[in-house]
Amino acid sequence: MQAQVEQWLKEGKVDIFIGYKKVDGHVMPHFFTKENIDEVKDLVAGQAHYSLEKVATKVAAEHPDMKIGILLARDCNQQALHVLYVWNQLNPNQIQTLEAFEASSDSEQPEVSAPYKQQMGLGKSMAPKDMEAFDHAERFSRWMYEFSKCLKCYGCRNICPVCFCKECSLEHKDLVRAGNLPPEIPIFHLVRAVHMAGRCIDCGLCEEACPSDIPLRLLYRKVDEIVQDVFDYETGTSPDQSPFSVLGEKVVLEPIPINE
Ligand code: SF4
Ligand code: SF4
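Structure representation (structure tokens):
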């Protein structure tokens, strides 16, 4: 991996390589360039808790002609790049990828919830079908319990590789009132969930970043299930697919009250 990056930088195949470096024991995003080529020996892949694709979008926005190399440290990174290509956030011609896949986060041990969360909320290792074993009223009350813990820190949005809007609905004063904690529930979380439709690649970074232990991945997995079942759209599978849109010619979903 290091030898390949060194070669790319020396040959000018990339102007910058975005990877990870261990700093004080923490694996952090790092820019490797020809000027600091000695640092390439410190390039690492595993235990990555930050999205390099998100970093790449910022670099590309400032430097549209820069040739950018990027490490694919997990198997969802390529899907994130596809989403960013179809939404015109990155130009595939500007990007060179280097695979260094580590074990996917799915191979981690499932997390066991504490007794109170088991009784009141929803577990982080639940699948949508486990959640749907509860009837509507109980599911609603369990989600409301989870959402009521939200600190509105925006960590879930800020870490997300495919959250890129310049103006965020979660900060729009007509949708989410300022100065309230928790933010209006469930609208705050549903606004984000709807915006993740056709974008979320199930990387799990939002859930990992959430200080309130809210099972965000479960919420977005359910959204993705609907996107696949109803719209026949598989997120992040190709750089050439159309951006996902929920706008169609006619209404195909039957609306039901939220607490039925
Ligand atoms: S799992 Fe969370 S952080 Fe990852 S793409 Fe989906 S919404 Fe974004
Ligand atoms: S990271 Fe968790 S606490 Fe922070 S805004 Fe997102 S859901 Fe709320």
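Numbering (our numbering), first residue to last: 42 to 301. We put the CB at the ideal spot given by N, CA and C, even for glycine.
Using 7 Å as the cut-off, classify the Cβ of residue i as near or not near the heavy atoms of ligand 1, replying yes or no.
{"i": "GLY245", "result": "yes"}
{"i": "ARG218", "result": "no"}
{"i": "CYS42", "result": "It is worth fixing the name first, because residue 42 is Met in this sequence and not Cys. No; taking the cut-off as 7 Å, the Cβ of MET42 has no heavy atom of ligand 1 nearer than that."}
{"i": "CYS206", "result": "no"}
{"i": "VAL203", "result": "yes"}
{"i": "ILE78", "result": "no"}
When you compare only the Cα positions, how much space is there between residue i and residue j?
{"i": "GLY164", "j": "PRO256", "result": "6 Å"}
{"i": "ALA121", "j": "GLU225", "result": "29 Å"}
{"i": "ASP281", "j": "PRO156", "result": "46 Å"}
{"i": "LEU113", "j": "MET161", "result": "38 Å"}
{"i": "ASP270", "j": "LYS263", "result": "10 Å"}
{"i": "PRO133", "j": "TYR91", "result": "21 Å"}
{"i": "LYS190", "j": "LYS207", "result": "27 Å"}
{"i": "CYS201", "j": "LEU93", "result": "10 Å"}
{"i": "ASP83", "j": "ARG258", "result": "32 Å"}
{"i": "LEU246", "j": "GLU47", "result": "29 Å"}
{"i": "THR74", "j": "ASP176", "result": "55 Å"}
{"i": "GLY220", "j": "SER182", "result": "24 Å"}
{"i": "ASP56", "j": "GLN88", "result": "25 Å"}
{"i": "MET107", "j": "ARG218", "result": "40 Å"}
{"i": "PHE188", "j": "LEU222", "result": "11 Å"}
{"i": "THR138", "j": "ILE78", "result": "18 Å"}
Residue i and residue j: beta carbons closer than 8 Å?
{"i": "GLY239", "j": "TYR186", "result": "no"}
{"i": "SER286", "j": "LEU192", "result": "no"}
{"i": "LEU216", "j": "TYR195", "result": "no"}
{"i": "VAL64", "j": "THR276", "result": "no"}
{"i": "PRO151", "j": "GLU266", "result": "no"}
Does DSSP classify residue i as helix, strand or coil?
{"i": "MET185", "result": "helix"}
{"i": "LYS62", "result": "strand"}
{"i": "HIS90", "result": "coil"}
{"i": "GLU103", "result": "helix"}
{"i": "MET42", "result": "coil"}
{"i": "HIS205", "result": "Note on residue identity: the sequence assigns Phe, not His, to residue 205. Three-state DSSP puts PHE205 in coil, outside helix and strand."}
{"i": "GLU295", "result": "coil"}
{"i": "GLN282", "result": "coil"}
Among the candidates the options, whose CA atom is the shortest distance from the CA of residue i?
{"i": "ALA86", "options": "GLU140, GLN150 and THR74", "result": "GLU140"}
{"i": "MET69", "options": "GLY60, GLU76, LYS75 and ASN77", "result": "GLY60"}
{"i": "CYS251", "options": "ALA234, GLU212 and ARG198", "result": "ARG198"}
{"i": "THR278", "options": "ALA44, LEU211 and ILE242", "result": "ILE242"}
{"i": "GLY110", "options": "PHE175, GLN150 and VAL81", "result": "VAL81"}
{"i": "ALA101", "options": "CYS117, PHE58, ASP116 and ASN77", "result": "PHE58"}
{"i": "LYS99", "options": "ASN118, GLN130 and TYR126", "result": "GLN130"}
{"i": "LYS62", "options": "HIS236, TRP184, GLN43 and LEU125", "result": "GLN43"}
{"i": "ALA97", "options": "ASP116, GLN159, PHE205 and GLY53", "result": "PHE205"}
{"i": "GLU103", "options": "LYS54, CYS117 and GLN135", "result": "GLN135"}
Answer yes or no: the CB of residue i versus the heavy atoms of ligand 3, is any distance below 7 Å?
{"i": "ILE226", "result": "Looking for ligand 3 in the displayed structure turns up nothing; the ligands present are ligand 1 and ligand 2."}
Could you check whether the Cβ of residue i sits closer than 8 Å to any Cβ belonging to chain E?
{"i": "LYS291", "result": "Among the chains of the structure shown, chain E does not appear; only one protein chain is present."}
Can you determine whether any heavy atom of ligand 2 sits closer than 7 Å to the C-beta of residue i, and answer yes or no?
{"i": "SER253", "result": "yes"}
{"i": "ALA250", "result": "yes"}
{"i": "LEU192", "result": "yes"}
{"i": "GLY164", "result": "no"}
{"i": "TYR195", "result": "yes"}
{"i": "LEU257", "result": "yes"}
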